[in-house]
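Okay, structure first, notes after.
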Amino acid sequence: MGSGIHESQRPELLNLVACTEVFDSSGGGATRMCREMGVPFLGKVPLDPQLCKAAEEGRSCFFDQKCRVSAPALYSIIKKLVPRESMENGA
Numbered sequence: 002m003g004s005g006i007h008e009s010q011r012p013e014l015l016n017l018v019a020c021t022e023v024f025d026s027s028g029g030g031a032t033r034m035c036r037e038m039g040v041p042f043l044g045k046v047p048l049d050p051q052l053c054k055a056a057e058e059g060r061s062c063f064f065d066q067k068c069r070v071s072a073p074a075l076y077s078i079i080k081k082l083v084p085r086e087s088m089e090n091g092a
């Protein structure tokens, strides 16, 4: 039985895949570990093949439109780590 997707579309559709829940997060493993270690939990970043590709090619995910799933998650974490003034001044 076929997938219902024309063969020529399959590679194109693979570029759209990003996994936001690979591991069961209902247990809160990372959050719990951070709490136990007394460090802040900064957030989650989806497993995004486009992010991996951009990194391997030395490109910023923030300027790559294909990284639209992972870039906002990374930016959210960066905002927690870097003071706003530093980000605005490019420091």
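Quick note: to get my numbering, add 1 to the position in the sequence shown (first position is 1).
Glycine included, every Cβ here is placed at the ideal spot set by N, Cα and C.
DSSP places Lys-67 in no alpha helix (DSSP H); its state is neither H nor E. Collapsing the DSSP output to three states places Arg-33 in a helix. Using a Cβ-Cβ distance cut-off of 8 Å, the region 26–44 and the region 58–68 are not in contact, since fewer than three pairs of beta carbons, one from each stretch, lie closer than that value. Here Ile-78 is actually not in contact with Leu-52; their C-beta atoms are around 13 Å apart, not less than 8 Å. Distances from the CA of Asp-49 to each of Gly-30, Thr-32 and Ala-74 were compared; the closest alpha carbon is that of Ala-74.
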